[in-house]
Amino acid sequence: MGRGKELTKEQIAAISSLTLVGKDNKEISAITGLVLRSVQRWTKKYKDAGDSDPPLHKKRTGKARLTSQRTLKVLQRQVDLEPRISAKELREKIPRLLQDVSARTIQRRLRDDLCFQYRAPRRKPILTTLQKKKRLLFCKKYLAWELEKWKKVLWSDESTFTVTGNRGGKVRLRAGSDPYHPKYTEGTVKHPDSVMVWGAFGYHGTGELVVLPKNLTVNKERYLELLADHLEDCFIACQSEIFQQDGAPAHTAKLVSSWFEWVGVDYIRNWSGNSPDLSPIGNIWALMKRRLRGRDSSTVLKLVAQLQDIWANLDPSLLQNLALSVPKRLQSCSKKKGYPTKY
């Protein structure tokens, strides 16, 4: 095991002076707040030296560091300004400080000393200035809602799921076996079939998961037909009173909004475009896609069966937490001036 953090000269002098007045190791550890093992090591060094002068540190072995604290501060400043910069580019950009430092050492300093992680950026929708402004106005309007009102909202959306060659789970491969034998592989297709589903949930539960025909998407006519057939049942199943949908063209078509007015559906208006982070149902679609991994979804029928099983077994506490997370989403969006949030 490598040596830990070295004691300061003041700490070593304190150990020496307490040893001189007859304190034992445990008493010195309690007085100074140092680890007992460190106290034992330095009292032994003091006694072996045979005089009253405090023992000195032995010089650490190995090559001296090529990066000073000043260099680390310059690195931190540069990476804060340019998060995508590589170690090689840093070396080229700051030759005066880093000309004798390898790219590998720069990577190590960024990771170990400055705690930078080198990872792929998070994927978020691109927002225009107008969209950010609309998001702020939306947040300002709906932050005034009480939690009890959010419990009455029915959250809805569509999502597309793709058929894969996944037959479920991993395979056990004996050493020396051919990994490309058909029983150890999974088939892929260039243009796989897909299904679009529409779902709705609220604080008190989920409605029916509606599966559209294979490779079919939603337009305003299909969307209106879907709502006419399933919306009332979803309101009843979820004990909801207010409908939410995003700003997709099929959702905001005059045909659909006129139908809402005609049947008297209370819904959230002026939903901002490109704002999946404000709607909690996006978390459910992401969860379902994760749970599909390792399941047999090699045909459309099997994919639909797996989706319906996952949907039917969503944890009620998950639904409640998601429904109650909306005020925090709005606060986060408002704090970030309309920019994408962590949700």
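Under UniProt numbering, the sequence shown has 25 at position 25, and the numbering climbs by one with no breaks. Virtual Cβ for every residue (Gly too), placed ideally from N, Cα, C.
- prompt: Residues in its own chain within less than 6 Å of Thr185 by CB, not counting five upstream and five downstream?
  reply: Result list for Thr185: empty, nothing under 6 Å.
message: Checking the sheet assignment: what are the DSSP bridge partners for Leu154?
response: Leu154 pairs with Phe243.
- prompt: Identify the residues that DSSP records as bridge partners of Ala200: which are they?
  reply: Looking at the DSSP assignment, Ala200 forms a beta bridge with Ser156.
Best match in Trp262, Gly205, Leu227 and Val218 for proximity to Met196 [C-alpha to C-alpha]: Cα-wise, what sits closest to Met196 is Val218.
query: Using DSSP with H/G/I as helix, E/B as strand and the rest coil, what is Met1?
result: Any reading at Met1 must be qualified, since the residue scores a pLDDT of 39, below 50, and its modelled position is unreliable; the value itself is stated next. DSSP, reduced to helix, strand and coil, places Met1 outside both helices and strands of the structure shown, so it counts as coil.
field: Per-residue burial, Thr188 [other beta carbons within 10 Å of its own, 16 or more giving buried]
entry: That one is exposed.
- prompt: Are the stretch 33-50 and the stretch 80-88 touching by the rule of at least three beta carbon pairs closer than 8 Å?
  reply: These segments do not touch.
field: Assumed close pair Ser194, Thr164 - CB separation to whole angstroms, cut-off 8 Å
entry: Not really, about 10 Å apart at Cβ, beyond 8 Å.
field: Residues that DSSP places opposite Phe138 in a beta bridge
entry: According to DSSP, which records beta bridges pairwise, Phe138 is partnered with nothing at all.
message: Is it the case that the stretch 127-137 contacts the stretch 90-105, given that we only count it when at least three CB pairs across the two stretches are under 8 Å?
response: Contact annotation: the stretch 90-105 does not touch the stretch 127-137, with fewer than three C-beta pairs closer than 8 Å.
query: When the distance is taken between beta carbons, is Gln244 closer than 8 Å to His251?
result: No, they are not a contact pair.
- request: List the residues that DSSP assigns as beta-bridge partners of Gly205.
  value: Bridge partners of Gly205: Gly202.
query: Roughly how many angstroms separate the alpha carbons of Leu7 and Val79, rounded to a whole number?
result: In a straight line, the C-alpha of Leu7 is about 32 Å away from that of Val79.
- prompt: Looking at the unbroken alpha helix (DSSP H) that takes in Trp259, where does it start and where does it end?
  reply: Where Trp259 is concerned, the enclosing alpha helix (DSSP H) stretches over Lys254 to Val263.
query: From Asn270 to Leu98, what distance separates their C-alpha atoms?
result: Put simply, the backbone Cα of Asn270 is about 53 Å away from that of Leu98.
query: On the three-state DSSP scale, how would you describe Phe235?
result: Secondary structure of Phe235 (DSSP, three-state): helix.
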